[in-house]
Each structure stands twice: as structure tokens, then as C-alpha cells.
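In our numbering, the protein residues as written are 129 to 805. Glycine is no exception: its CB is placed at the ideal position from the N, C-alpha and C atoms. Note that the structure is predicted; figures quoted are calculated from it, not measured. I have placed the structure first, in the form of C-alpha cells, so that the comments after it can refer back to it.
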Ligand code: ADP
Ligand code: ZN
Ligand code: ZN
């Protein structure tokens, strides 16, 4: 019997909220159940009960819980405490974590009467006869894989986290399958995290073949209904033994978690940008595993500098696989100097004549080609030939991208779209030049060069639905397409038999990013996409076109020399005090007026300097300094790794509250991004 409930509301306000429990609910409500409560003016919302107690709050306006939604808890204690950790660490409200964690209809609940949703029967489609545990496990491992597997176990004897650094196609997935089977034999569950939805299809097929219906999939392209089914099921005795999912699956309930695999751990998609919580699912996964006494494996061919550093420092164990499975050689990488080719008139658009030759030969051999271009749309920009006018987004500080098939100019920041201009509104010139190459334009050019070839494109525009990307992958895997053009989506973990040529059309767009991680990310993307070539029999070929062919990073990709990239980048990180040598926190300030944004940024900087001195840098503007009509300013804070941040976080929250209390700044958005990407 408790008279009061502390609840989480799905709002960006700090802390918990206390409500009184009506008499008839006092014996029924438990922590982890949802309740309907009054909130704001005449509104109600579904809240999550975190604590029950009898301590009368001082608040005289104390309101009563209206109704109970769940008869039994739908969120476990361990989840609640993990969510609290996320809120503390990533400097947001626990209400924001709650919002991100629960699939939408679970959040809404039903108004009025108690709906015993927690015990609703499961749909038929997920009933199954489990595969016999003894038969689980993939094929026999190669000696190198076996050695790695044993080394991973040895690491786990001493520490919970192991980094598996295995070159592309070294058979990491096969090792995961063995580890999963082991966990299942011990009656434990497995969470398998992937950075990208695209990857779940291939992986799920592969795991289903071994583990059958013991596998559940969880990601945002599934309907809320499907996700709720998974969530509910994880609370029952029939919980899936394996969950494959993208970042939000770290929020699921697990009652007997034994293993967490973070595949492609370096991938930046693990970090949520907007909205809060701006969490890194890899780091949350490590925290989840540690808390539930599960083992954790981070796998990748190109570790993030952070993880590799942690492994070097002994925080994680490190296991290396340096050869491909089945003696297949790593692809040969050939650099094509775009400047030189242009000079010799050997470039047609983004295609060097060498690339066209090799493509033609590859198609003749009935082998497949992957072309990587890190931009979607047709042209990133169009420009008036006469006066230089460029159509720009009215809401954001960026040029609009031409999407030729849609006959639209669109903003990649806010989604604004408008008709393609036929004349320049400034000077009435009719010739508007298309500047730059997106995937759509590359696709057009391929059709011109190879009219016979069957081409597919994989980018954000062609993969809006689950069926769409599954279709593209299926057609490519079954040889119904010859050439796959795509953005970074094609760089990640895909496993195709028959790809012998991969081309990186322009390395430069990746290298010219104003970001201290640009080189690291470029190396990872290029090595990953290169790794799609020649995964079975014959050695693959990678053509790497670059304008700055002399840069050391190009050489590092050619020789697949991760260590060289690591050492070089770490020198710079140390010299300029960037992660992993410091912890970064960015304070973001957004306002409709640029003057107010500037004033606010100056005031904020001054206040932060009082607390943190020279650790505060800025304010400055991000490369795109206005998005959705809000002007953006940033203040960068750099903290030493060995100082505890609890007090510092509180001081930052205080600065934020003090600023928002000022009348002029009341309508500003101020938030923090911890460990920004
Ligand atoms: P990675 O995950 O390191 O990129 P994969 O696990 O996808 O590598 O392995 C690459 C290819 O080699 C896959 O097609 C896989 O089926 C095959 N392979 C890897 N290990 C084995 C094994 N032990 N027995 C049979 N095939 C294997
Ligand atoms: Zn003009
Ligand atoms: Zn815009």
C-alpha cells in the first residue's frame, strides 16, 4: 500500500513528478506500470510509475492519478535505472528517454478504464517450436576463427568488453553465431545491435537459418504494433532468445541477457542526433551489458579510435583477425588521380576512362559492380551560368539539391521542396548549371555508358520503405541487378558473392568535411566499401578516385593499414585535444533571431567560462548555421577524462536554466550534446 507515485512524464522537464493514488489503486499499481495523469491545462498524459511511497509531498496542488493502464509492469527496474543513467550522462530529461524508449501506442495507453494490456495474449504468428538447443551453431570454424573465439572467451574471463578487430570478410559474423549459440545453451539471451536497418535483412536471413524462430527483429521500419509485440513478449517466459535491432533496441526489456554484440561498432549511426536523448547506442549497450552482467563484443573491420584506444589501454580486451575467411585475398586498391585524369581529358563526369574500362570488363564477365558516391539527389547545387545565383532553402542556410526524377529542388536538412527553376529569377538567364554529382546523376550516367546494364540505386530516397530496400538487396544478391550505386548505405557490412569491382567515385567529399573525425570516418567508409569486393573466390578490385591522391590517408586505405591511420590521427587528436583524449560536450543554442542567438551565445559562454575557464571554446556557428528557421550557435566544452563530471553537468544545467529564465531568452532552445559525432 502506497499513497503516492513518482512518475516519469513524456516531456523534456527534469526529474520525476509526484501524484496521489486514489484508494482503489493503492494496492494495484506497481513501479513499471503506466498510469493516466492530469498534466498541464485540462490535459492528460500517460506516465510511467517509477516509485511508490508514503511521503506526503509539500506541494499543495498535488493531483490524483486518473487511471491505471497496465495491470503488470511493462518496464523493469533495470530498464528504469539504465534510462536514468542515460538521462544523467547525456544530459537530458528522463521523460525524453521514456519517449524514445517506448513504441508509440505503449506511450499513449488508453484513457479511462484499466486496460490489462500487460497480459494480452500473444499473436499466433510468433508461436513456435524451438529448435533443439544442441543443434544450434553455425558451420565449423576455421583455425583462425577458432583461435579468435577462444581469445574472446579469455578476454571475458577478465573484463566484460572485447573488441574484435577483424578485416572485412574475416568471418566475424560466423564467430558471432557461435557465441550466440553458446549463450543460448546457457539459457541466456542475446542482443545483436546493428547500425543500419538495411543490414538487418541480410543478417536476419543468416541467423534465421541457424536459430529459426528464436530470433526477434526490432527496428523503426517495423510497425508500432510489431514493435509492441516484441516488447511485450520480452516480458514473458516466451521471450525471444535473440533480438536483432538498431539502436533503440537497447531500451527493450531483457530478463536473462547474457551477450551483447555491437556489430560495426565504429558506425556513427549508433549516435542519435535529434531529438534527445542524444545517446550513443554502442556505449549504452556496453552499459546495459555491464549492468546485467552480460558479456559484450564490439566487432568491426575499422574500429572507432575511441574503442581502439580503450582496447590499447586495457579497458577492453582486443582480438584481431587479419585474414579473410577461406584464404580469399583482400581486394587490390588502385588509386586514380582525378586531377591528372582531367588534365589528360580522361574524365567523363565522375567516371575516369580506367573506371569505364574495368566496369565494362567486369560486366562482360557477369560480375557485379558497386559504385559509392557519398551524395544523394542529382546535383547538390544548381547555379545561374550568368550571375551565379544559387537556389537556397528559405528555412536553412544550404543550397537546394536537384532531384531530377521528382522534378524538385529539395532541402536535405528540413525536407522543404520546390519546383526546379527554368530561368534565373535574378537575371532571367535560362542556362542553369548543375554542379556536383549525386547518386541519381551517377545512375543516369551509367545508363548512358552501359545501356544494357541493370542498375539499382540505394540511398535515402529509394529506401523509404522496408519493402523498397529489401527489394534492392534481394535483386542484387540474386544477380538481377548488375550495378548498385549508393551512398554510405552500400558501405556497411553487406555480404554479396559476386561483386568483383567496387569504385569510390570521389574520396574528396568525405575528406573535406570540417570535422575532426573526417579522416577517421573517410578511412572507415572507404575500407568498408572496399571490403564488399571479392568476398568469395577471386581477389576483388577497388578503384579509388581522388582529387588529393597524395594524402597519406589514401595510402592507408590502399594498404589497408588501420594502425597507420590510428597512429597518425591519434597524434593530431592529442596535439589539438580531441577525443579520445578529452570528453566533448557541446552546448547548442537555437533561436529565431540571429541577434538573440548571438547575444545568448555570448552570455552562455561567459557564464560557462566562470565555471570552467579555458575548457570552454567558442561560441561558433556550425557549417549549416540555420536550420528550420532557427539560427544555431555552439559552445564547445572539453573536459579531462579523469575528472568526475557530475558536478560539471549540474553546473551546465544551471547555466541553461538561468539563461532560459531571462525574458529575452525564454523562447530559445538550449540543449547539450555529449560525445558529439
Ligand atoms: P565478416 O562478418 O567478417 O565480414 P562473414 O562472417 O560475413 O565475415 O564471412 C565472410 C564469408 O565467409 C561469408 O559468406 C561466410 O558465409 C563465409 N564464412 C565465414 N566463416 C565461415 C565458416 N567457418 N564456414 C563457412 N563459411 C564461412
Ligand atoms: Zn542569374
Ligand atoms: Zn531547409
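When DSSP labels each residue in this structure, what does residue 507 get in the three-state scheme? strand
Identify every residue that forms a DSSP beta bridge with residue 498. 612 and 630
Near ligand 2: residue 512 beta-carbon under 7 angstroms from a heavy atom: yes
Whose beta carbon lies closer than 5 angstroms to any heavy atom of ligand 3, going through the chain in order? 521, 523, 524, 539, 541, 542 and 544
Is residue 316 near residue 385, with beta carbons less than 8 angstroms apart? yes
Let me check you understand the geometry: is the CB of residue 552 closer than 7 angstroms to at least one non-hydrogen atom of ligand 2? yes
Assign residue 757 to one of three DSSP states: helix, strand, or coil. coil
Kindly provide the ranges of any alpha helix (DSSP H) runs that are 4 or more residues long and lie completely inside the region 678-734, ordered along the chain. 680-686 and 690-703
Kindly give me the distance between the Cβ atoms of residue 613 and residue 651, rounded to whole angstroms, as I take these residues to be in contact under 8 angstroms. With 8 angstroms as the limit, residue 613 and residue 651 do not qualify as a contact, their Cβ atoms being about 22 angstroms apart.
Provide the residue span of the beta strand (DSSP E) that contains residue 617, from first to last. Where residue 617 is concerned, there is no enclosing beta strand (DSSP E), given that its DSSP letter is neither H nor E.
Are the Cβ atoms of residue 611 and residue 425 separated by less than 8 angstroms? no
Outcome for residue 643 when other beta-carbon atoms lying within 10 angstroms are tallied against a minimum of 16: exposed
CA-CA distance, residue 182 and residue 131? 5 angstroms
Using CA coordinates, which residue listed in 327, 726, 687 and 702 is at the minimum distance from residue 460? 687
Cut-off 6 angstroms between Cβ atoms - residues of its own chain near residue 145, not counting five sequence neighbours on either side: 135 and 137
Cβ of residue 559 versus every heavy atom of ligand 2: is any distance shorter than 7 angstroms? no
Taking 8 angstroms as the cut-off, decide whether the C-beta atoms of residue 800 and residue 715 are in contact. yes
Taking all protein chains shown into account, do 16 or more other C-beta atoms lie within 10 angstroms of the C-beta of residue 619, making it buried, or fewer, making it exposed? buried
Alpha carbon of residue 133 to alpha carbon of residue 172, nearest angstrom: 16 angstroms
Are the CB atoms of residue 283 and residue 447 nearer to each other than 8 angstroms? yes
Supposed contact pair residue 512 and residue 554 - C-beta distance, whole angstroms, cut 8 angstroms: 7 angstroms
Terminal residues of the alpha helix (DSSP H) in which residue 601 lies: 594-605
Say the cut is 7 angstroms; is the CB of residue 692 nearer than that to a heavy atom of ligand 1? no
When the Cα of residue 288 is compared with those of 388, 549 and 570, which residue comes out closest? 388
Backbone CA spacing between residue 141 and residue 220 [nearest angstrom]: 8 angstroms
With respect to the alpha helix (DSSP H) encompassing residue 807, which residues constitute its N-terminal and C-terminal limits? No information on residue 807 is available, as it lies outside the stretch 129 to 805 that the chain covers here.
When the Cβ atoms of the region 416-430 are set against those of the region 628-643, are three or more pairs found closer than 8 angstroms? no
Strictly by DSSP, which residues pair up with residue 512? 560
Within 10 angstroms of the Cβ of residue 494, are there 16 or more other Cβ atoms? Answer buried if so, exposed if not. exposed
Cβ neighbour criterion (16 or more within 10 Å) applied to residue 615: buried
Note the first and the last residue of the continuous alpha helix (DSSP H) segment covering residue 467. 466-471
Reference residue 360, options 421, 413, 350 and 234, closest by Cα: 234
Simplified DSSP assignment, three categories, for residue 676: coil
What residue from 462, 543, 659 and 791 has the CA that sits closest to residue 677's CA? 462
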